[in-house]
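Chains as they are written, first to last, in my numbering: chain Z, 707 to 1118; chain F, 5 to 290.
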């Protein structure tokens, strides 16, 4: 593919093609130049943060499935509490299945400067980086509008490389990409990426190996297997990683999104890439299922809340962001979601909830909460964290090259 | 206005065409031109796209995805033949033997449409699961090998598409067969044709417009389908629809996605052209 970097105004197209033709074709294009000029936040400079006003009473919060507390009867306590306290009417939807697909659905509105219909979106760190660069996110003022973030978030979740100074986003939850395995189907202990990639080893489990369809996760693990730190990867490293993945492909059952958890739980997958929080939840039904951070390393990723450009209810969005950084709310979410909360104070509160449940004689809940508070998958140990790497933040050329190499892996 | 029209009768047919014509312009011609324009642009989201008339994208895209293009046409062909083999006897029975149950039988054909396409396909995923009700049971009693599976095979994908588009085959065939005057078949048998000869020489030729419509209505969506390959297949059953979907929504490589869409359209048009020649220029009547 080509790498046309010039920022083309439409006017030049008109000149080049003759007006009538360009009128039809140009008007149908995927808006180049002109609307970019209308996005002042583009490179982080000059934009005014949203907020500082009165909430409008409406909030459209769009998140990934199963990513907030849910009492199983259609109620979401955190949302309900927020509505009660603030009087803001929240429409919570679980429309995000995949960063890029979701981005594809809102990109036309963002590019045209129209209200995207979402006031808070939750996307992964690298996507935050891309959207900042494209000028698709509203600037926020965490000190003024999200004081709980400064007070309660752990330092390692502040001021990250994809959004220095938290000018556009604050973390929702983090998680670890590692290996899950089902001891009922696997004879040995799995500790290493070699047991996911080595063609000879996986022959035994051919057709029972699960991989993700998320390019960054898959390539990063293959890079780690090759001894390359993902953030330092060159294109040659990625080509070598692709070779590993192509060799592995014949034994891969599928390249999954979130639905890998079903196949992992029902015994179709023996060894699979896995996200920490999912495995923790699956363990509640099947305590045998295992999750490991491989010896070679795993990935620590963070999903972040952000306000897309042109969102209609930014003040309501900021109120929600501040709300979820209260330790008791963070604990409530962590108890249900089981990913890694950016609020370390939550661990204490989950333990307290466990004690309270015990005192009430509700041993089942107490045991569950104790498991959450003590699980290294929810509150990872320093030893685990020391073996975790971040995704490389890709520029456009790299992203295109990586995507091309990876599509060969998943679609033959 | 009406008085004016009375004196310019020639305008009336064009006025009748106006709503449909506008519809086609807005929802067919413009999107098609957009697609063509996008295919010929170069650039990226951040830096903007520019129309460069990069026609090289077409051979490039074909070279990169020839396997998936051919596989899609091949699956489309198999699906059409299968759907015809299943659908023709069905339509024939409903049309000639349905009697007072005709309407109920037709309703049964359409009934699956009361549920969403996606839900129905996901259900197949459960039905065909390795350890699901059917395969699990057969494995349990030892009829099938433990490693046997249907999901992630061409069989699952082709069956899924056939299942999903079968009603599109049955309905036009039914309409064509229903119109045939049974007395023509009686006349043929009166003239000493066997029942089989009567079918071959009378019924089949008279229903050929239905056959043509039915095969188009299954072939075209089948070739472009991506859901069945996505849910029931694996990387080895990837169809061109999946490639376009990923290019467009995941890789955000809009030009190549648009180019492949046009190539797919062209491929379908060429196939239909030869097919209609084969059926001696039958007109598309639905």
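By construction, the Cβ of each residue, glycine as well, lies at the ideal position given by its N, Cα and C atoms.
- Keeping to the same chain, check which residues put their C-beta closer than 8 Å to that of residue 852 (chain Z); ignore five residues upstream and five downstream. 846, 876, 1024, 1027, 1028, 1031
- Message: Residues of the region 825-843 of chain Z in Cβ contact with chain F at a cutoff of 7 Å, in chain order, please.
- Response: 839, 840
- Message: Restricting to runs no shorter than 4 residues, where is the alpha helix (DSSP H) found entirely within the region 1004-1068 of chain Z?
- Response: 1020-1030, 1033-1043, 1052-1065
- Message: For residue 86 (chain F), which residues in the same chain have their Cβ closer than 6 Å to its Cβ, ignoring the five residues on either side in sequence?
- Response: 166
- Query: Taking Cβ to Cβ, would you say residue 271 (chain F) is nearer than 9 Å to residue 77 (chain F)?
  - Reply: yes
- Query: Do residue 802 (chain Z) and residue 764 (chain Z) have their CB atoms nearer than 9 Å?
  - Reply: no
- Message: Ignoring anything shorter than 4 residues, give me the alpha helix (DSSP H) runs that lie fully in the region 901-926 of chain Z, in order along the chain.
- Response: 905-908
- Would you say residue 972 (chain Z) reaches chain F, if we count a Cβ-Cβ gap shorter than 9 Å as a contact? yes
- Report yes or no: is there a C-beta of chain Z within less than 9 Å of the C-beta of residue 201 (chain F)? no
- Message: Can you look up residue 57 (chain F) in the DSSP assignment and give me helix, strand or coil?
- Response: coil
- Message: Buried or exposed, going by whether 16 or more other CB atoms sit within 10 Å of the CB of residue 820 (chain Z)?
- Response: exposed
- How big is the Cα-Cα spacing for residue 159 (chain F) and residue 1080 (chain Z)? 47 Å
- Where residue 770 (chain Z) falls: helix, strand or coil (DSSP): coil
- Below 8 Å on the Cβ atoms is my guess for residue 922 (chain Z) versus residue 1097 (chain Z); work out the distance and round it to an integer in Å. 5 Å
- Item | Per-residue contacts from residue 157 (chain F) into chain Z (C-beta, under 7 Å) | Under the 7 Å cutoff, chain Z gives no residues; its nearest Cβ is about 11 Å from residue 157 (chain F).
- Out of Z:754, Z:843, Z:811, Z:899, state which residue places its alpha-carbon closest to the alpha-carbon of residue 1010 (chain Z). Z:843
- Query: Roughly how far, in whole angstroms, is the beta-carbon of residue 1048 (chain Z) from the beta-carbon of residue 857 (chain Z), given that I think they are within contact range, below 8 Å?
  - Reply: Not really, about 12 Å apart at Cβ, beyond 8 Å.
- Below 7 Å CB to CB, which residues in the same chain sit around residue 1188 (chain Z) once its five sequence neighbours on both sides are set aside? The displayed coordinates of chain Z run from 707 to 1118. Any statement about residue 1188 (chain Z) would go beyond what the structure contains.
- Quick one: does residue 185 (chain F) have its CB under 9 Å from some CB of chain Z? no
- Message: If you measure between the beta carbons of residue 54 (chain F) and residue 64 (chain F), is that distance less than 9 Å?
- Response: no
- Item | For residue 1056 (chain Z) and residue 1037 (chain Z), believed in contact at Cβ under 8 Å, the rounded distance | 5 Å
- residue 851 (chain Z) lies in the alpha helix (DSSP H); which residues open and close that run? 848-851
- Query: Which whole-angstrom value is the C-beta distance of residue 109 (chain F) and residue 102 (chain F), which I expect to be below 8 Å?
  - Reply: 5 Å
- Message: DSSP three-state label for residue 997 (chain Z), please.
- Response: strand
- List, in order along the chain, the chain F residues whose C-beta lies closer than 8 Å to that of residue 1102 (chain Z)? 48, 49, 50, 51
- Message: List, in chain order, every chain F residue whose beta-carbon is nearer than 8 Å to that of residue 1117 (chain Z).
- Response: 72, 239, 242, 246, 247, 250
- Task: Using the Cα positions of residue 15 (chain F) and residue 61 (chain F), report the straight-line distance between them to the nearest angstrom.
- Result: 44 Å
- Is any heavy atom of the ligand ZN found at a distance shorter than 8 Å from the C-beta of residue 810 (chain Z)? In terms of ligand content, the structure shown is empty, and the ligand ZN therefore cannot be addressed.
- Message: Within 8 Å, do at least three Cβ pairs link the region 919-935 of chain Z to the region 999-1010 of chain Z?
- Response: yes
- When Cβ atoms are compared, which residues of the region 957-970 of chain Z fall closer than 8 Å to chain F? 958, 959, 960, 961
- Who pairs with residue 46 (chain F) in a beta bridge, going by DSSP? F:54
- Can you tell me the Cα-Cα spacing of residue 1000 (chain Z) and residue 808 (chain Z), whole angstroms? 30 Å
- Message: By DSSP's criteria, residue 88 (chain F) is part of a beta bridge. Which residues make up the other side?
- Response: Residue 88 (chain F) is not bridged to any residue.
- Query: Hey, would you say residue 275 (chain F) sits closer than 9 Å to residue 203 (chain F), going by beta carbons?
  - Reply: no
- Terminal residues of the continuous beta strand (DSSP E) containing residue 877 (chain Z)? 875-887
- Message: For residue 28 (chain F) and residue 19 (chain F), I'd like the C-alpha separation in whole angstroms.
- Response: 15 Å
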